[in-house]
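Contents: one structure, followed by commentary.
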Amino acid sequence: MSSSLEAFFHPRAVAVIGASRDSEKIGYALVDNLQHCGFKGQIYPINPKSPEILGLKSYASINDVPDEVDLAVIAIPASQVVAVLAECGQKGVPGVIVITAGFGEIGGEGRKNERLLVETARQYTLRLLGPNCMGIIDTIIPLNASFAGGMPLPGHIAFMSQSGALAQAVLDWACAEGIGFSRFVSLGNKADLTEIDFIRAWGEDPHSKVILAYLEDIRDGAEFMALCRQVTRQQGTPIIAIKSGTTAAGTRAVSSHTGSLAGSEQAYDTAFKQAGVIHAASVERLFDYSLAFAYQPLVAGNRLAILTNAGGPGILATDAAERAGLQVANLAAATINRLRALIPDIASALNPIDVRGDAFEDSYDMALRLALADANVDSVVVILTPQKLTRVEETAQVVARVVAEMNRAEKESPTSNQSPAAVSIDLPLTPKPVLACFMGEAHVKAGISILQEHGIPNYAFPERAIEALQAMWQYRQWLERPLVQPPRFAFDDDRLRQIFAQVRNDGRVALAETESHDIAAAIGLKVPKAELARNREEAVALARLIGYPVVFKVASPEILHKSDLGGVRVGINNDLEARGAFDLITARAHRFAPGAQVWGATIQEMVTPGREVIIGMSRDPQFGPLLMFGLGGIYVEVLKDVVFRIAPISEAEAQAMINEIHSAPLLRGVRGEQPPDRDAICQALLRVSQLVHEFPEIVELDINPLVVHEQGAVAVDVRMVITPE
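Numbering (the working numbering), first residue to last: -4 to 720.
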């Protein structure tokens, strides 16, 4: 455990500042929870008005406590907290939990007082949890320094929540479901301690097999990603997170295509994926996944065996597996033959294995052993529906026993519940995950309890069990994925800085199209010939110089989407058309964008048609440059066939982006056409990735389209916005 959190997880003495004799006060609940959780250390109530609280001597202030205090819990009015925190610092208390609300979450004066809290904590080098939090619970010590309604069951799940109310609801629900925790923390406003501190500590914690997090924001995205990579890969602790506040209402409106598509949901989902964090879409899934990780071995592959006593649920599981990218395993011929021999009335010896609705526990026993023994199987889902003849508890005991034998946790000699045929089936030396789906409620309740007692997660419906296996398979793939550093290209950095400086000197943030093309050329992308014409005759001369046919585009640093107002004319073939095109697009710009600077027209060579893709970037406030790739052209915002990564990316990640869009088959060639140059797309992605990573002043970038030919690609239209300074 991290030394900075030692006071929170291994305190020898806890003071409750704001302790109360009133059972309706938080100060009462805090002392009561500490007394009844099994905590072996000293408890010091602090209340100047009460000499004794719940049978414990009370002190007027923290400074009156005669002994050292490792952890102080503050539950007093917000106006008094800063002063009391300073007293804790003077006393030498290393850890403080501020339960009190009324700080940063209310804005204004509250935000100012929260800054004072942090300054005071820094002054005395103490660590602060909260404010506006429920507290902390540890089932290992044990310790309950919270006002939660009870102590959770012990377990292997470490859980943190930015919402105290949600944390309390989860505790109550988990107790009813038989779900246990190792550590449980309410983060509150995260004025000092954040999710990063607890992920770092719990990644080293032998009592925590999986880390869960409910997050509303992440302060330092880069540090979060780096730490999660370390914890999930090097330390082997899975992290599962749910992020709230990801709807369109919370996204930032920006002007580029990329910005309008890349809301916070995409940024967090992408960051989690690249950091090895499993992103849960709901609290239900958060715990569905966690139970599999906490109590079952990690899957070695994606081949699944489904064991059921009913055809319908087996089909549901099969469909869910296909959607989840899992393979319904092809059982070995020997397995199929033994199933048919040992269970003569079996409905199906294929996969799903259907032992029939009237199957007793011995059929489940033999079928489960054979499925686990099959080298083609990586995991098993055991489905049971409570039919008239079903012996639910006996079947649960059989499943638990087989799993225990496989895990080598216990060796049992044959009993009356085991047939000699079942005992003769050799279980695998490497344990495989087994998840259960005992469907129903009243008739399966006792069986589910048996499963839970033996560490076998049960899911109400097959789809939920399959999704849990999908999460495990996702984590397995993450662990086996090679970590490759992004390539580095030689850019013309001096030219890049020169262009950015010129834009700022002009008081602009949007680059002119010719400037954006110069940037693209400076990083090694091929761009079409283009020149700026400030009047009609200059436009004609430049069109002749470039060579007809050409494209005319209105030149304005304030008009980024020129097609929207008719500011683009293609296929200009002669001087007459050139004069007309110049007049038309500049007139439309003045008409539809009154007040915008119009410099004239950009004259650009026509590019041979090819496959159009888009490469873009918007800078996310938490995670930095959010790179986008997809099918390009004017319909990009309608089709939304795009994928995202946080830059910088490796070549493998660039190739993955190309493969992940729905229209990826178009990039492999269809109906006999030659495929576009995928390597050119990959190189463009990598070069843009390096650019936006090394030049943080770029806040938005669109290359739309990047026209890809059989050999090579051309950045036809490039838009870029930088910071003002």
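Ideal placement from N, C-alpha and C gives every residue a C-beta, glycine not left out.
| Per DSSP, cysteine 432 forms a beta bridge with which residues? | Ile378
| message | Assuming contact is defined by CB atoms lying nearer than 7 Å, are phenylalanine 288 and leucine 207 in contact in what I supplied? | response | no
| task | Classify leucine 702 as helix, strand or coil using the three-state DSSP reduction. | result | Reading off the sequence, residue 702 comes out as valine, not leucine. Here valine 702 sits in strand by DSSP.
| request: State buried or exposed for tryptophan 197, treating a residue as buried only when at least 16 other CB atoms are found within 10 Å of its CB. | output: buried
| said: Quick check on this structure: which residue in Val26, Lys35 and Val79 has the alpha carbon closest to the alpha carbon of serine 53? | reply: Val26
| In or out: glycine 590 buried (at least 16 other Cβ within 10 Å) or exposed? | exposed
| message | Between which two residues does the beta strand (DSSP E) holding serine 158 run? | response | Element bounds for serine 158: n/a, residue is neither H nor E.
| field | Length of the line joining the Cα atoms of arginine 280 and isoleucine 71 | value | 36 Å
| field | Burial state of valine 565 (16 or more Cβ within 10 Å) | value | exposed
| To the nearest angstrom, how far is it from the Cα of proline 201 to the Cα of histidine 151? | 9 Å
| Start and end of the alpha helix (DSSP H) containing threonine 303? | First-last for threonine 303: 298 to 303, but that is the beta strand (DSSP E), not the alpha helix (DSSP H).
| Under the three-state reduction of DSSP, which class applies to lysine 107: helix, strand or coil? | helix
| request: Assuming alanine 395 and isoleucine 445 form a contact by the criterion Cβ under 8 Å, report the distance between their Cβ atoms to the nearest whole angstrom. | output: 6 Å
| message | As a quick exercise: from Ile598, Asp488, Pro691 and Gln685, pick the residue whose alpha carbon is nearest that of leucine 540. | response | Ile598
| task | Compute the distance between the beta-carbons of arginine 351 and alanine 362, then report whether it is under 7 Å. | result | no
| query | Could you give the distance in angstroms between the alpha-carbon of phenylalanine 4 and the alpha-carbon of lysine 86? | reply | 20 Å
| How would you write the range of the beta strand (DSSP E) that leucine 210 sits in, first residue to last? | 205 to 210
| methionine 401 lies in the alpha helix (DSSP H); which residues open and close that run? | 387 to 401
| query | Using a Cβ-Cβ cut-off of 6 Å (strictly less than) and excluding sequence neighbours within five positions of alanine 466, which residues of its own chain qualify? | reply | Ile273 and Tyr284
| field | Within 7 Å, strictly: CB atoms of isoleucine 92 and glycine 145 | value | no
| said: In this structure, how does DSSP classify valine 498 when only helix, strand and coil are distinguished? | reply: helix
| message | Residues in the same chain with beta-carbon distance under 7 Å from glutamine 322, minus the five sequence neighbours each way, listed in chain order, please. | response | Asn297, Arg298 and Leu299
| Limits of the unbroken alpha helix (DSSP H) element including serine 444 | 440 to 448
| request: Could you give the DSSP three-state label for leucine 0: helix, strand or coil? | output: helix
| said: Alpha carbons only, please: which of Phe98, Gln269, Ala275 and Met401 is nearest the one belonging to glutamine 225? | reply: Gln269
| Residues of its chain near glycine 435, where Cβ-Cβ distance is below 6 Å and the 5 sequence neighbours each way are ignored | Pro381
| task | Pair every Cβ in the region 371 to 378 with every Cβ in the region 299 to 310, then say whether three or more of these pairs are closer than 8 Å. | result | yes
| said: Comparing C-alpha positions only, which one of Ala536, Ile94, Leu29 and Ala312 sits nearest to asparagine 569? | reply: Ala536
| task | Have a look at methionine 129 and leucine 286 and give me their C-alpha separation to the nearest angstrom. | result | 24 Å
| request: Would you be able to state if there are at least three C-beta pairs under 8 Å between the region 656 to 665 and the region 622 to 638? | output: yes
| Helix or strand or just coil, what does DSSP make of isoleucine 135? | coil
| With DSSP run on the structure shown, which of helix, strand or coil describes arginine 16? | coil
| field | Residues of its chain near valine 713, where Cβ-Cβ distance is below 6 Å and the 5 sequence neighbours each way are ignored | value | Ser511, His512, Ala515 and Ile698
| request: Using DSSP bridges, identify the partner residues of valine 26. | output: Answer is none; valine 26 lacks a bridge partner.
| To which residues of the same chain is histidine 704 closer than 7 Å at the C-beta, ignoring the five residues directly before and after it? | Thr603, Gly605, Pro671 and Asp672
| query | Is it true that the CB of isoleucine 676 sits closer than 7 Å to the CB of isoleucine 653? | reply | yes
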